[in-house]
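To keep things clear, I will list the structure first and then write my remarks on it.
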Amino acid sequence: MNSLLTSIRIVCVRPMYGGNMGSICRAMRNSGLNNLVLVDPSPDLYGAELRMMAMHALDVYKNRTEVATVEEAVGDCGAVAMTSGVDGFYRGHALSPREAAPDLLSVAERGMPVALVFGPEDKGMGLDELKLATHLIRIPTHPEYTSLNLSQAVLLVAHEMFLASGEYKSPEDATPPASHQFRERMLSTWEETMHDIAFCPDEKIPHMMMGLRRILTRGELTENDVKILMGLARQSTWAAKNLPSIEP
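First residue of the sequence shown? That's 35 in the working numbering, and the numbers climb one at a time after it.
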């Protein structure tokens with residue numbers, strides 16, 4: 035696992051609902067995070083709803099740490115990012131998760147834990163807790179409705195940390211791009227097929243080929259793509275020559 039992500043700690047302060055907590059565990063696992071700390075959680079948190087929402091990420095909850103105060107949860111951290119969904123004094127300098135992620139990861143890069151702290155579902159973080167933050171995070175939302183569910187907030191922030199960590203790599207195609215020469219062979223095969231199946235009058239085939247060329251060269255074709263298209267053209271020619279025609 036990416037060493038930067040192992041330094042990221044999700045801290046939930048006074049969480050109340052098992053369904054939210056299960057969704058948080060799943061969101062953490064989606065983002066490569068495993069370190070969950072709960073501050074004074076509800077005693078009724080664990081139940082069927084938590085297990086149902088966590089699915090295969092239930093181990094994140096089972097391996098959690100529980101503490102009594104926010105100070106205990108973040109005491110050893112080099113950076114403490116707290117989320118706040120309301121306006122107010124000292125909150126105007128809040129960053130979006132995307133803006134905050136590189137700076138937070140730079141702290142993790144230096145070997146220090148980083149806490150991402152989320153307040154309780156009913157009223158969020160108080161000023162006495164926000165004073166412990168080194169970073170304030172505000173998740174951008176439409177101004178007509180700014181309130182986010184706790185598990186949604188965790189997912190959005192954790193996902194931005196995951197992307198900024200460089201852990202995610204876009205999947206590459208299983209076969210390499212087709213060469214220009216290979217693509218031209220394919221187009222020649224289609225031109226022959228147009229003749230063989232009498233797709234249009236011979237004098238119109240060059241014009242039709244320009245259209246087909248434009249269609250087939252709009253994006254990158256892999257070697258497998260070209261093989262499929264060539265096979266389709268050849269099979270069309272074979273069918274035109276060998277299968278009995280169907281009279282109307």
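All C-beta atoms, glycine included, are put in the ideal place defined by N, C-alpha and C.
Backbone secondary structure at residue i - three-state DSSP
i      : result
Cys46  : strand
Thr271 : helix
His127 : coil
Ala208 : coil
Leu277 : coil
Pro282 : With a pLDDT of 48 at Pro282, under the threshold of 50, the modelled position of this residue cannot be trusted; read the value that follows with caution. In this structure, Pro282 counts as coil in the three-state DSSP scheme.
Ala102 : coil
Leu139 : helix
Contact set for residue i: own chain, Cβ-Cβ below 7 Å, skip 5 residues either direction
i      : result
Ile231 : Ser270, Thr271, Ala274
Ala212 : Leu255, Thr256, Glu257, Asp259, Val260
C-beta neighbour in chain C for residue i, strict 8 Å
i     : result
Val47 : The chain inventory of the structure shown lacks chain C, comprising one protein chain alone.
Whole-angstrom C-beta distance between residue j and residue i, which should lie under 8 Å
i      : j      : result
Val114 : Ala167 : 5 Å
Proximity to residue i [Cα-Cα], best of the options
i      : options                        : result
Glu218 : Met228, Pro154, Ala91, Leu250  : Leu250
Gly145 : Pro278, Met264, Ser37          : Ser37
Ile171 : Asp93, Leu39, Met116, Arg98    : Met116
Ser41  : Phe216, Met195, Gln215, Thr223 : Met195
Asp110 : Phe233, Val148, Thr175         : Val148
Glu106 : Asp74, Pro278, His127          : Asp74
Asp78  : Pro49, Leu164, Ser185          : Pro49
Delimiting residues of the beta strand (DSSP E) encompassing residue i
i      : result
Phe196 : Element bounds for Phe196: not the beta strand (DSSP E) but the alpha helix (DSSP H), 184–198.
Met8   : The structure shown does not extend to residue 8, since the chain is modelled only from 35 through 282, so no value can be given for it.
Leu150 : 148–152
Residues of its chain near residue i, where Cβ-Cβ distance is below 8 Å and the 5 sequence neighbours each way are ignored
i      : result
Ile173 : Thr117, Gly119, Ser130, Pro131, Leu182, Ala187, Leu190, Val191
Ala88  : Met55, Gly56, Ser57, Cys59, Arg60, Val94, Tyr95
Asn97  : Asn68, Leu70
Glu236 : Note that residue 236 is Asp in the sequence shown here, rather than Glu. Only His229 meet the Cβ criterion.
Extent of the continuous alpha helix (DSSP H) to which residue i belongs
i      : result
Leu221 : 214–230
Met243 : 239–250
Leu79  : Segment: none, Leu79 is in no alpha helix (DSSP H) and carries neither H nor E.
Thr40  : 37–40
Asn25  : A query on residue 25 cannot be resolved here, the shown segment of the chain reaching from 35 to 282 and no further.
Ala167 : Here Ala167 belongs to no alpha helix (DSSP H), and DSSP marks it neither H nor E.
Gln116 : Strictly speaking, residue 116 in this sequence is Met, with Gln absent from that position. Here Met116 belongs to no alpha helix (DSSP H); instead the beta strand (DSSP E) covers 113–117.
Close Cβ partners of residue i (< 6 Å) along its chain, the five nearest in sequence each way excluded
i      : result
Gly66  : Leu39, Phe196, Glu201
Gly81  : Gly52
Thr227 : Ala267, Ser270, Thr271
Gly112 : Val141, Met146
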